[in-house]
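K.L.:
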Amino acid sequence: MESANRPHAKHQPRLIAWEVTKKCPLNCMHCRASAADKEFSGEFTTKECFKLLDNVASFAKPIMILTGGEPMARPDIFDIAQYGTRLGLRMVMAPCGLLMDRENTAKMKESGIERISLSIDGADSVTHDSFRQVPGAFESVVKAAEIAKECGLEFQINTTVTKLNYRQIGEMLQLAIDLGAVSYHPFLLVPTGRGSDLAEYEIDPDEYESLLTWIYEKSMGAPIQMKPTCAPHYYRIFRQKEKEAGRKVTFETHGLSAMTKGCMGGQGFAFISNTGRAQICGFLEEEAGDLRKENYNFKKIWDTSELYLKMRDLDNYNGRCGICEYRRVCGGCRARAFASTGNYLDEEPYCVYQPLRKADKTAK
Ligand code: SF4
Ligand code: SF4
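Reading the sequence shown from the start, the letters are residues 0 to 363 in numbering that gives the first Met the number 0.
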């Protein structure tokens, strides 16, 4: 059993989403950041950004996702990306697409950005634009994908799945393929931030199960990678299905899918807010530490924060997730648990699975 009191060598940050600004020209319905088209006080200066990158690179080589808001709303964004690249970090970016043109796409590439993600939340402009709350948003994100393709910049398409668009998922996958994306990532809605107003549009647990099963089946023959994100029990379904088919899941046979787990929050993934709050992810606002107070020492927070240590102690999760035989490949969504009960250690409310072991600690 993993100790909750000591940092574990296997818990290295592999992916850090860094909200470099909350400023954004869009006003999306589901926005985790509740971003807006205005200046936000207390955001990191360029020098502070460099200090953080220095610290991260001193102990790990994660992929740094420059996100927002709209990261390109920062005038120094390419200096930040280039600084990280020179430190040996893999820099990627999540722009909204509206500000992308050939000139700044070339700058992205020059600064070492290896991949961008673009969000498409509807297979047509009516669905996408109503979600993004900006007329013309669909057209602009399609154009951004075309520019990325022309400039040779790798891109993935993300979709936040809700009741408003989940029946279009096949069409959105096809659109991603047609646009030339390397990967399609359906994100399951987490009803926090501005997304809490969308709780009624969250698909229900049975729909969730059917959707993830459909994604598993589709991913078998899809010409691009499909990676359900913030849908931890996809990895339980994936293993169940492979077992039913008599296939053992190993790196040799299944590549990265055999290594990836559902929720990596606090275990291989972290989120850093625009003002330097370290969190497990952008959807759970609990603070693991304040980078300014810790002199930009992310390593210290990563190794010692009580929140991160609790996330790694899977046996002490409550309810079904704490006894589930799939907890090490799934773990349930901690943010969804928090949104549902106020306790991030509680069981994932959107999973229908009943673990084999009887729930002797569900009343915890
Ligand atoms: S807690 Fe939920 S939203 Fe956050 S990283 Fe884990 S699965 Fe994703
Ligand atoms: S019970 Fe929890 S750990 Fe088990 S599959 Fe469901 S969400 Fe994952």
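Note that beta-carbon positions come from the ideal geometry of N, C-alpha and C, so glycine has one too.
1. Along the chain, where does the beta strand (DSSP E) that runs through VAL91 open and close?
2. From the DSSP output, which residues share a beta bridge with PRO185?
3. Am I right that LEU187 and CYS229 are in contact with their C-beta atoms under 8 Å? What's the rounded C-beta distance?
4. Would you list, in sequence order, the uninterrupted alpha helix (DSSP H) runs of no fewer than 4 residues that lie entirely inside the stretch 97-123?
5. From this set, ALA269, CYS323, LEU344 and GLY330, which residue's C-alpha is nearest LEU355's C-alpha?
6. Using beta-carbon positions only, say whether VAL55 and LYS298 come within less than 9 Å of one another.
7. Using only the alpha-carbon positions, how far apart do TYR325 and LEU308 sit?
8. From LYS9 to GLY169, what distance separates their C-alpha atoms?
9. Out of TYR183, LYS217 and ALA277, which has the shortest C-alpha to C-alpha gap to ILE156?
10. For LYS162, which residues from the same chain have a beta carbon less than 6 Å from its beta carbon, with the 5 sequence-adjacent residues on both sides left out?
11. Once DSSP output is grouped into helix, strand and coil, what is the label at LYS240?
12. Can you check which of these residues, ASP302, MET92 and PRO348, is closest to ASN317 by C-alpha distance?
13. Determine which residues share a DSSP beta bridge with GLY264 and list them.
14. Measure the alpha-carbon distance for ILE62 versus LEU211 and round it to whole angstroms.
15. On the CB-based measure, 16 or more other CB atoms within 10 Å of its CB, does MET99 come out buried or exposed?
16. Please classify TRP213 as buried or exposed, where buried requires at least 16 other C-beta atoms within 10 Å of its C-beta.
17. Is it buried or exposed, ILE255, if we count other Cβ atoms within 10 angstroms and call 16 or more buried?
18. What residues come near ligand 2, if near means a beta carbon less than 6 Å from any of its heavy atoms?
19. Would MET219 be called buried (16 or more neighbouring beta carbons within 10 Å of its own) or exposed?
20. For GLU38, tell me which candidate among CYS48, ARG73 and VAL141 has the shortest Cα-Cα distance.
21. Could you tell me which of LYS21, TYR352, ASN342 and PRO134 sits nearest to MET71, measuring between CA atoms?
22. Can you tell which of SER129, ALA136, LYS148 and GLU293 has the C-alpha that lies nearest to the C-alpha of ASN164?
23. In whole angstroms, give me the CA-to-CA distance for VAL189 and ARG238.
24. In the DSSP assignment, the alpha helix (DSSP H) including GLU208 goes from what residue to what residue?
25. Can you name the start and end residues of the beta strand (DSSP E) that ILE64 belongs to?
26. Mind checking whether GLY68 and VAL19 have CB atoms under 9 Å apart?
P.N.:
In this structure, then:
1. Locating residue 91 in the sequence shown gives position 92, where the first residue counts as 1. First-last of the beta strand (DSSP E) with VAL91: 89-92.
2. Position 186 of the sequence shown, counted from the start, is the residue given in the question as residue 185. DSSP lists THR158 as partners of PRO185.
3. For this step, residue 187 is matched to residue 188 along the sequence shown. For this step, residue 229 is matched to residue 230 along the sequence shown. About 5 Å separates the two Cβ atoms, so the contact holds.
4. Qualifying alpha helix (DSSP H) stretches, in chain order: 101-109.
5. On the sequence shown, residue 355 is found 356 positions in, with the first residue counted as 1. The closest CA to that of LEU355, considering only ALA269, CYS323, LEU344 and GLY330, is found on CYS323.
6. Walking along the sequence shown from the start, residue 55 turns up at place 56. Walking along the sequence shown from the start, residue 298 turns up at place 299. Yes, they are a contact pair.
7. For the purposes of this step, residue 325 is identified with residue 326 of the sequence shown, where counting begins at 1. For the purposes of this step, residue 308 is identified with residue 309 of the sequence shown, where counting begins at 1. Taking the straight line joining both Cα atoms gives about 20 Å.
8. Residue numbering aside, residue 9 sits at position 10 when the sequence shown is read from its first letter. Residue numbering aside, residue 169 sits at position 170 when the sequence shown is read from its first letter. Spanning the two alpha carbons is a distance of roughly 37 Å.
9. Here the question's residue 156 lines up with position 157 in the sequence shown. The shortest C-alpha separation from ILE156 is found at TYR183.
10. As a working mapping, residue 162 is identified with position 163 in the sequence shown. Same-chain partners within the cutoff: TYR200 and ILE202.
11. Taking the first residue of the sequence shown as 1, we reach residue 240 at position 241. In the structure shown, LYS240 sits in a helix (DSSP, three-state: H, G or I).
12. Along the sequence shown, one-based indexing puts residue 317 at 318. Residue PRO348 is the option with its Cα nearest to ASN317.
13. Your numbering for residue 264 matches position 265 in the sequence shown. Note: GLY264 sits in a beta bridge opposite PHE268.
14. Start at 1 with the first residue of the sequence shown, and residue 62 comes out as number 63. Start at 1 with the first residue of the sequence shown, and residue 211 comes out as number 212. Going from the Cα of ILE62 to the Cα of LEU211 covers about 26 Å.
15. The count along the sequence shown starts at 1 and reaches residue 99 at position 100. Buried, by the Cβ-count rule.
16. To locate residue 213, count along the sequence shown from 1; it is residue 214. Exposed, since its Cβ has fewer than 16 Cβ neighbours within 10 Å.
17. Counted from its first residue, the sequence shown places residue 255 at position 256. In the sequence as presented, Ile is not what sits at residue 255; that position holds Leu. When all chains shown are included, LEU255 counts as exposed.
18. Residues lining ligand 2 by the Cβ criterion, that is a Cβ closer than 6 Å to any of its heavy atoms, are PRO231, HIS232, ARG235, ARG319, CYS320, CYS323, TYR325, ARG326, CYS329, GLY330, GLY331, GLU346, GLU347, CYS350, TYR352 and PRO354 in chain order.
19. Position 220 of the sequence shown, counting from 1, holds the residue named residue 219. It is exposed - the Cβ of MET219 has fewer than 16 other Cβ atoms within 10 Å.
20. Numbered from its first residue, the sequence shown carries residue 38 at position 39. Minimum Cα distance to GLU38 is reached at ARG73.
21. Walking along the sequence shown from the start, residue 71 turns up at place 72. That would be LYS21, whose Cα lies nearest to the Cα of MET71.
22. The residue labelled residue 164 in the question sits at position 165 within the sequence shown. The shortest Cα separation from ASN164 among SER129, ALA136, LYS148 and GLU293 belongs to SER129.
23. Here residue 189 refers to the residue found at position 190 of the sequence shown. Here residue 238 refers to the residue found at position 239 of the sequence shown. One C-alpha to the other measures close to 23 Å.
24. Numbered from 1 along the sequence shown, position 209 holds the residue referred to as residue 208. Note, GLU208: alpha helix (DSSP H), 204-220.
25. As a position in the sequence shown, residue 64 is number 65, starting the count at 1. Start and end: 62-66.
26. Within the sequence shown, residue 68 is the residue found at index 69, counting from 1. Within the sequence shown, residue 19 is the residue found at index 20, counting from 1. It is a contact, given that the beta carbons lie within the stated cut-off.
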